[in-house]
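Quick note: the working numbering has the sequence shown finishing at residue 588, numbered continuously throughout.
For glycine and all other residues, C-beta sits at the position ideal for the given N, C-alpha and C.
Accompanying notes for the structure given below.
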Amino acid sequence: MQPKTPTGAEKLVQCLEREGVEYIFGLSGGAAMPIFDALVDSKIELVLVRHEQGATHMADGYARATGRPGVVLVTSGPGATNTVTGLLTALMDSAPIIVICGQTISPMLGKDAFQEADVTGITYPVVKHSYLVKEAAAIPRIVRESFHLATSGRPGPVLIDVPKDVSQGPCDAPFTEELDLPGYGVVGRADPRGIEAAAGLLARSRRPLLYVGHGAVISDAGKAVTTLAEKLRAPVVNTLLGKGAVDETHPLHLGMMGMHGTAYANKAVVDCDLIMSIGARWDDRVTGRVTEFCPTATKIHVDIDPAENGKIIVPDLFIEGDARLVIEDLIPLVEMLDTHEWLEQCNRWRRRYPLKYPRKGGLRAQHVLDRLHALTRGEAVLTTDVGQHQMWAAQFCLSRSNRHWISSGGAGTMGFGFPAAIGAQFARPDDEVWAIVGDGGFQMTQAELATAQIHRLPVKCLIINNNFLGMVRQWQELFYENRTSGVDLVGNPDFVKLAQAFGVQAWRIRRAGDVDRVLKQAHEYREGPCVVVAEVVKEDNVFPMIPAGAAVHEMLIEAPRHRLDKPEGST
């Protein structure tokens with residue numbers, strides 16, 4: 018008896034199994050039914066979500082927590098278009114996710130069939146690559162290429178659009194390991210001449226600064242960067258997404274730089290005579306006014322993506338290569354620098370401009386996050402949403418290990434934090450995972466409480482509730498004469514009761530004296546998800562702050578005494 022020829026959907030699932038996929042985050046629908054049916058007999062676990070955007074963020078959190086691609090499965094039309102925000106988030110932050118979409122049958126393409134959307138066209142600007150599968154025989158090749166593209170070089174999202182007639186028809190194509198991608202190459206080790214040139218520039222520096230970004234996290238370059246910093250005796254700063262690449266409690270670490278970075282990190286940026294970017298892209302939240310960013314400092318840029326060369330800052334030296342391999346090759350070529358006075362100056366700034374917050378006048382978000390760090394000791398996996406809580410978490414919750422900090426950087430996606438934590442908890446079931454979210458962003462994906470509860474995930478969600486869209490309100494206060502508009506979240510639910518409605522354990526914090534007790538209860542709770550709602554003061558601002566479009570040296574350490582001009586040309 019001849020074995021049954023698998024369907025395209027069954028072959029697709031078998032290909033995913035060969036790629037080592039553990040989970041698929043998805044929401045079903047008509048055009049994707051053959052693929053969902055094929056999952057019934059698969060060892061891959063389907064995680065049914067409550068919204069397709071939540072699925073993409075879960076896959077993103079899974080990917081960032083492990084370095085392995087997260088996989089999403091959705092139906093056609095609105096199911097597919099609901100993934101666009103997650104695709105943009107993954108593209109901006111170089112996260113490897115695979116989004117598989119059902120599609121109307123091939124003969125109906127372009128004819129406005131029910132739930133049809135030109136998904137490949139719609140998503141073209143927000144993916145690394147996309148495929149419309151026109152024949153079942155192409156499925157093994159497309160899946161193999163998709164995983165290679167998503168994870169190699171600069172990682173990113175890949176979309177696979179599968180018409181229903183392709184998924185439910187026969188597919189006898191063999192599996193393949195071959196890749197034929199003309200024009201797509203991935204550099205590993207850099208040109209030795211560039212590394213030698215970097216060593217020469219470093220040798221002449223007396224005030225060097227290592228500027229570490231997300232590329233160092235992706236390439237697992239932290240150990241090499243730490244060795245380089247210790248050998249040079251050079252201080253280290255990181256971007257928002259570079260947190261954890263190098264232990265933030267290391268004596269040479271000055272913390273996060275940029276718009277809401279530590280004052281001492283930003284002062285080091287202003288005063289350095291050489292700044293070496295390692296897997297960071299000189300984004301606007303870091304440079305401020307580009308024409309005044311380190312104008313006299315030598316600039317070295319290490320990046321795996323040649324498209325980043327000169328895009329914002331024109332460096333004195335660009336080295337194309339994998340961050341870890343570049344730094345490992347550089348270490349033997351450098352010697353200890355005479356940086357005694359420079360390190361002393363950095364330490365004076367650290368003592369003079371510490372992070373601080375008011376100790377009176379109500380419960381402060383900074384206090385809650387400071388105590389969360391004390392409780393977890395930098396060992397928990399932290400995800401965040403976007404806004405004031407994100408910046409306070411970046412300031413006060415120091416990361417000690419790689420892939421322990423997961424946040425939406427480039428896209429600034431509200432609603433990211435909680436589903437990303439769910440994905441991270443699936444990826445690392447034995448680790449403690451906290452989602453730090455605001456009341457605004459949490460409400461965008463709060464329905465995923467059901468997903469966490471169904472799977473009894475011990476993920477912990479800390480809601481910093483100030484009943485405002487706090488970062489926008491802060492800008493309106495500073496730049497728009499406090500003419501608040503569209504930021505007061507009147508009508509917020511009782512988040513404790515909301516969590517309980519999903520069957521989720523929840524606590525509330527209203528007083529500073531209750532912070533340690535409640536956080537400890539959540540820390541020890543492992544029977545499923547839990548929520549902590551911190552009712553913090555309504556109007557509080559994040560400092561330090563570099564106003565958008567201002568130079569780094571124009572950083573505000575504390576609230577200004579006069580109204581600031583509206584920022585021009587930047588958000």
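- DSSP lists I453 as the beta-bridge partner residues of T401.
- A buried status is given to H270, since no fewer than 16 other beta-carbon atoms sit within 10 Å of its beta-carbon.
- In the same chain as R171, and ignoring 5 residues on each side of it, the C-beta atoms closer than 6 angstroms to its own belong to S111, I321, D322, in chain order.
- The beta carbons of W366 and L399 sit about 26 angstroms from each other, so the pair does not count as a contact at 8 angstroms.
- The beta carbon of N484 lies closer than 8 angstroms to those of D456, D505, L506, V507, N509, K555 in the same chain, with the five residues before and after it left out.
- CA-to-CA, the gap between R250 and Q463 works out to about 46 angstroms.
- Taking one beta carbon from each stretch, the region 166-184 and the region 139-155 have 3 or more pairs nearer than 8 angstroms; the two touch.
- If you draw a straight line from the Cα of D300 to the Cα of I329, it comes to about 7 angstroms.
- I480 sits close to F512, with the two beta carbons spaced by under 7 angstroms.
- The Cβ neighbour count for K21, taken over all protein chains shown within 10 Å, is under 16; the residue is labelled exposed.
- Scanning P95, T401, V116, G96 for the CA closest to the CA of I41 turns up V116.
- Between F131 and the set R206, G46, Y141, T193, the nearest pair of CA atoms involves G46.
- When DSSP states are grouped into helix, strand and coil, L581 belongs to the coil group.
- Each residue's CA atom was taken as its position, placing V263 and L196 some 35 angstroms apart.
- Going by DSSP, G395 is part of no alpha helix (DSSP H) at all; its letter is neither H nor E.
- Counting only unbroken stretches of 4 or more residues, the alpha helix (DSSP H) elements lying wholly within the region 448-516 are 456-459, 466-471, 487-496, in sequence order.
- In the pairwise beta carbon analysis, the region 302-310 is classified as touching the region 556-574: at least three pairs are separated by under 8 angstroms.
- Residue environment for N499: exposed (fewer than 16 other C-beta atoms within 10 angstroms of its C-beta).
- D402 is classed as buried because its beta carbon has at least 16 other beta carbons within 10 Å across all chains shown.
- In this structure, L291 sits near A314, with a CB-CB distance shorter than 7 angstroms.
- If you draw a 10 Å sphere on the C-beta of H579, you find fewer than 16 other C-beta atoms in it, and that means exposed.
- Note: A340 is not bridge-paired with any residue in the DSSP secondary-structure output.
- The beta-carbon separation of I336 and A215, rounded to 6 angstroms, stays under the 8 angstroms limit for a contact.
- Residues of the same chain with a CB within less than 7 angstroms of the CB of R35, apart from the 5 flanking positions on each side, are F192 in chain order.
- Following the DSSP letters along the chain, one finds Q185 inside the alpha helix (DSSP H) bounded by residues 181-185.
- Of all alpha-carbon atoms in Q120, A155, M572, A551, the one lying nearest the alpha-carbon of F560 is that of M572.
- According to the DSSP assignment, R85 belongs to no alpha helix (DSSP H), since it is labelled neither H nor E.
- Judged by beta-carbon spacing, I439 lies beyond the 7 angstroms limit of M50, meaning their Cβ atoms are not closer than that value.
- Rounded to whole angstroms, E575 and Q407 show a C-alpha spacing of 18 angstroms.
- With 16 or more other Cβ atoms from the protein chains shown falling within 10 Å of its own Cβ, H277 counts as buried.
- The C-alpha of E27 is placed about 10 angstroms away from the C-alpha of V57.
- Between the alpha carbons of I159 and I177 lies a gap of roughly 8 angstroms.
- Contact between R525 and E552 is confirmed by a C-beta separation of about 7 angstroms, below the 8 angstroms threshold.
- The Cβ-Cβ distance between M562 and A411 does not fall below 7 angstroms.
- With respect to the 7 angstroms criterion, A134 and A97 are classified as neighbours on the basis of their beta carbons.
- Here H231 is buried, its C-beta having at least 16 other C-beta atoms within 10 Å.
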